[in-house]
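> Residue numbers (my numbering), protein chains in the order written: chain A, 1 to 126; chain B, 1001 to 1813.
Here it is, the structure in full.
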Amino acid sequence: MRWVPTAEIGSIPVKEGRRVVYRDWNVALFNLGSEYLAVDNVCPHKAGPLSDGIVAGKAVFCPLHNWKINLETGCALSGGKGQVKTYPVKILDQKVCIAFEEGSLKEAGEDQGMASLSEPARDPNS
Amino acid sequence: MSTKHLVVVGNGMAGMACLDEILKRKPAFRVTVFSEEPYFNYNRILLSSVLAGEKSVEDIYINTEEWYRKNEITLHLGTKVVGVDAQNKIIETDKGTSFGYDLLLLATGSNPFIPPIDGTRKKGVYVFRNIADTHGILEHCKTAKKAVVIGGGLLGLEAARGLLNQGQKVTVVHLMDRLMDVQLDVVGGQFLKREIEKLGIDVLLNKNTERIMGGESVEGVLFKDGSIVEAELVVIACGIRPNVELAKKAGLKVNRGIVVNDFMETNDPSIFAVGECVEHREKVYGLVAPLYDQGKILAATITGEKGPVYEGSTLATKLKVMGIELFSAGDFRAEEPDKEVVAYQDHAFGIYKKVVVHQRRVVGTILIGDASDANRFLEMIRKKEVVDDKRHRVLFDTPPAVPGSPTDVMSRPDSDTICGCIGVSKGQIVSAIRDNGLKTVSAVKACTKASSGCGTCAGLVQDILKAVTGAEFEEEKKTGLCACVPFPKEQLRMMIQTQQIKKVQDVLDIYGNSTGCSLCKPALSFIVDEVWLGEHEEDRSARFINDRVHANIQRDGTFSVVPRMRGGVTNPKELRKIADVAEKYKVPMVKVTGSQRLDLLGVKKEDLPKIWADLGMTSGYAYAKAVRMVKSCVGTDFCRYGTQNSIKTGIELETLLEGLYTPAKVKMGVVGCPRNCAEATVKDIGLVGIEGGWQVVIGGAAGKIVKAADILCTVKTTEEALESALLFFQYYRENGEYLERTYDFIPRIGLEKIRRETVLASEENKKALLDRLEKAKKKAVNPWAVESKKPVHPYQFQDFVLPKESEALIVTS
């Protein structure tokens, strides 16, 4: 795998995200405290910057219209249907590295990505 | 007169009802209350409804934080009093702290009685006494299917009902030959058993428990007769014992309970006791009505108005288990030969009515299946009414009430008691509704205390309210924060304060689901901030992006910058700076906003601190739940119609309030005459200049909804107008729900109440409001000035844009 070093560890506050731009990629990188997760920084709803959203467990709420995206699968959990790509992340040499070329749409589970517009989805960690 | 320190041990129904009676007498007391449970005073009787899933914990609070605050009571939640030094008048807590007292009120209640059998400590064995027990049982119900309730008394049957609702197969086992043997005779017991069994609950009588079986977890219950009932959950409801531990330490005279005389005094002149922990004329009471009777007497004694005496209470029990109505009161046994029984039995309908007559008067009753006559009989028992002339029809005096008909209760005389626990008559409720313009059941409850006891009269109270208010009647509104943290805001604020919680994540970990969501995290941030006023470490990750970077996010992910322009007034120097910044940072658009300010749109996040530094202006808070602006017209300075100096007043108002956070955004306007050019009457707070004075208006809106503001007051001077605006502003800050705009806040609280507690409040209360506002104002900073130099986090405004030629490390795994 080709791992591209991005932010130094510690440069993203815990439970916050930052935008990482590399060539044509625009990725939202999150520090969850125990791990880093990366997804496409484009909300499936109206392309909102997920990197600026509020993190709750392993999900983020888009700052524009509050869609909730699971950061492990990329699936929308509430708001509407949709999915964003997820990217492998690894810590190497005190740097958070992302394998941009390995970004993928993971297989959605039965209960994920199926939330309706009206009912807010349950938190994946609760 | 010197202020005495009254310490109340116990935050339960008896203690707080008594304290309420004491406070009504307005004594010069300083009051401190210790509560072992970490909850406000709640209605213990309704725990069965919580177990049955019909009510939430917040539904059963009797007094919320507001009551404690309003009465200036210092409340120590989650603090147990472990020692009393009666000689030196000092109590000691489990936290190692000690407090002196002048007067000590023990309202320590009861402990559940646990029979001395083996196995009561096994996993899955519960008592049913408090909120923690209830939560424990509910949690255990998720994995258990078969439940046994040991004890067929009032509490045991309530527990059985709740467990049935939670999907359990329930068996009630009872030591005696009939259920509720304290309240029922043999025939009544048979009726009740049949009705309970119809619900699908197994009832086993004459069962003496030998031990609770199982390994670490409960597996069953073994009886002395050798029989066994399987169980994955056991609730012990074998009665209660007065909690007299502390009284003994204080050296008080204790038999079964703490011994008190008819004035509710113990043998120590500084110590009083009330409620279930008390023994009066050799009687201990476990029901709610006697506790209130005692409280009223004690209040007179303790405030130096000793005189009224407590002579014991008529015991009355009302139970409603899924449709089975049951009522028992007074002496219903009729064991002595001179007592006469009038009875009616209908086995097919499950109806049993019995009245005991002694010396021409009704002295006791049992009603099963139809308790609609309960209050009528209770009145007869209390009034000791001679029933000679109507004895032949005493059981069926009045035609049966038409269920659900709201006019029914209104046909009763005004003197009729509606709430038997507290003693509130129909007339008192009707006049409270009329005099105070009450519209909700909770408002009636707060005002009259009716239905705050056992709650069975809540339906009657609602019927009266509906009949009196007609179309104005309002359903109750739910106030829990959100599904992640299911507590009302007032309670959260209290817990955050008393338990010194300074981080949003800690609140979520302790009282929530630990993850939170985009609704509760900002709301909790607001509450924590409001409580600690900057004396805490702000968790910026819990804030919405706008509050993290002090700018308003736009649809393309860029931000907008709105500098403060007080009263909508600017000058060439400011305009020049704004123009320079717009050019230097290639700001795509500069727009005049609806708030008489300039908006720089399309700014990149990383440019924000640089732009703030270059501007050197104050944040306009256009992105936050905070004071936005004061819009003004030109007023007497230039306008030929102006009657007041609206520009100067507008700038002054904005200067007084800028930088303060509020439950929702606050927009303001000041106009010099009623032509209203700056639209002050559709703002959250508006000042409208009139000939010789100002009108202060509140709660207007011109957004999603359009609403003209209500007049708070009309005043003569600009100083008075500003003070009125400030009073309302701070009142809203303290009492508004997060995201609740003033136009929703005012109808919820009521304009009259707001007037009473702001502009019409006592000078002392006004000063207190303004002092708290000033304190918050002193802590307010211009975030642009602070964070353009030193961001909260070095990478607060930083994104990571990698050079195209960034090298990749190639790793094989």
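The beta carbon of each residue, even a glycine, is placed where N, CA and C say it ideally should be.
Mind checking whether residue 1110/B and residue 1226/B have CB atoms under 8 angstroms apart?
Taking 8 angstroms as the Cβ cut-off, residue 1110/B and residue 1226/B do not qualify as a contacting pair.
> Output, in chain order, the set of chain A residues within a Cβ distance shorter than 7 angstroms of residue 1808/B.
2, 3 and 4
> Can the beta-carbon of residue 1239/B be found closer than 8 angstroms to that of residue 1162/B?
no
> Can you give me the Cβ contacts of residue 1076/B inside the same chain, cut-off strictly under 6 angstroms, excluding the 5 residues immediately before and after it?
Apart from the 5 residues on each side of it in sequence, residue 1076/B sits with its Cβ closer than 6 angstroms to the Cβ of 1034 in its chain, given in chain order.
> Could you give the residue range of the alpha helix (DSSP H) that holds residue 1069/B?
1065-1070
> Kindly indicate which three-state DSSP category residue 1503/B falls into: helix, strand or coil?
coil
> If you follow the alpha helix (DSSP H) that residue 1559/B is in, where does it begin and where does it stop?
Per DSSP, residue 1559/B belongs to no alpha helix (DSSP H); it is in the beta strand (DSSP E), 1559-1561.
> Secondary structure at residue 1386/B, three-state DSSP: helix, strand or coil?
strand
> Do residue 1682/B and residue 1708/B have their C-beta atoms closer together than 8 angstroms?
yes
> Using 8 angstroms as the limit for Cβ to Cβ distance, is residue 123/A near chain B?
Residue confidence is low: residue 123/A scores 33 on pLDDT, short of 50, so the model does not pin down where it sits. No coordinate-derived value is stated.
> Under 8 angstroms, do residue 1493/B and residue 1065/B count as touching if we go by C-beta distance?
yes
> For chain B, check one thing: does any of its Cβ atoms lie closer than 8 angstroms to the Cβ of residue 91/A?
no
> Using a Cβ-Cβ cutoff of less than 7 angstroms, which residues in the same chain neighbour residue 1155/B once the five nearest sequence positions on both sides are dropped?
1128 and 1237
> Would you identify the three-state DSSP class for residue 1257/B, choosing helix, strand or coil?
coil
> Out of 1372/B, 1653/B and 1378/B, state which residue places its alpha-carbon closest to the alpha-carbon of residue 1365/B.
1378/B
> Below 8 angstroms, how does it come out for the segment 1646-1665 of chain B and the segment 1760-1769 of chain B: are there three or more Cβ pairs, yes or no?
The segment 1646-1665 of chain B, when compared against the segment 1760-1769 of chain B, does not touch it at the 8 angstroms Cβ threshold.
> Are the C-beta of residue 54/A and some C-beta of chain B separated by less than 8 angstroms?
yes
> Can you list, in chain order, the residues of its chain with a C-beta nearer than 7 angstroms to that of residue 1406/B? Leave out the 5 residues immediately preceding and following it.
Reliability fails at residue 1406/B, whose pLDDT of 47 lies under 50, so the model's placement of it is uncertain and the value that follows must be treated cautiously. If we look at residue 1406/B and ignore the five residues flanking it on each side, its Cβ neighbours are 1463, 1466 and 1467.
> Can you give, in chain order, each stretch of the alpha helix (DSSP H) that sits fully within the segment 1233-1298 of chain B and has at least 4 residues?
Given a length threshold of 4 residues, each whole run of the alpha helix (DSSP H) inside the segment 1233-1298 of chain B is given here in chain order: 1245-1249.
> Ends of the beta strand (DSSP E) at residue 956/B?
This structure cannot speak to residue 956/B, because chain B is shown only from 1001 to 1813.
> Going along the chain, which residues of the segment 5-25 of chain A sit with their C-beta nearer than 8 angstroms to a C-beta in chain B?
5, 6, 7, 11, 12, 13, 14, 15, 16, 18, 19, 20, 21, 22 and 23
> For residue 1746/B, which residues of its own chain have a beta-carbon under 8 angstroms away from its beta-carbon, when the five flanking residues on both sides are left out?
These residues qualify, in order along the chain: 1698, 1699, 1710 and 1754.
> Can you pull the chain B residues whose beta carbon is under 9 angstroms from the beta carbon of residue 63/A, in chain order?
1518, 1544, 1545, 1546, 1553 and 1557
> Could you tell me the distance, in whole angstroms, from the CA atom of residue 1362/B to the CA atom of residue 1338/B?
13 angstroms
> Taking Cβ to Cβ, would you say residue 1592/B is nearer than 8 angstroms to residue 1601/B?
no
> Please state the DSSP three-state secondary structure of residue 1680/B.
helix
> For chain B, find out if any of its Cβ atoms is closer than 8 angstroms to the Cβ of residue 88/A; answer yes or no.
no
> Measure from the C-beta of residue 1029/B to each C-beta in chain A and report whether the shortest distance is under 8 angstroms.
no
> Pop quiz: residue 13/A and residue 1793/B are said to be a contact at Cβ under 8 angstroms. What is the actual Cβ separation, rounded to whole angstroms?
5 angstroms
> With a cut-off of 8 angstroms, does the C-beta of residue 66/A fall near any C-beta of chain B?
yes
> Go ahead and pull the three-state DSSP assignment for residue 1664/B.
coil
> What is the C-beta distance between residue 1246/B and residue 1108/B, in whole angstroms, given that I count them as a contact (C-beta under 8 angstroms)?
Yes, they are in contact, since the Cβ atoms of residue 1246/B and residue 1108/B sit about 6 angstroms apart, within 8 angstroms.
> My understanding is that residue 26/A touches residue 42/A, with C-beta atoms under 8 angstroms, so please give their C-beta distance in whole angstroms.
7 angstroms
> Leaving out five residues before and five after residue 1278/B in sequence, what residues of the same chain have Cβ atoms less than 6 angstroms from its Cβ?
1257, 1258 and 1260
> Since residue 57/A meets chain B, which of its residues come closer than 7 angstroms, beta carbon to beta carbon?
What residue 57/A touches in chain B: 1515.
> Any idea what DSSP makes of residue 8/A, helix, strand or coil?
strand
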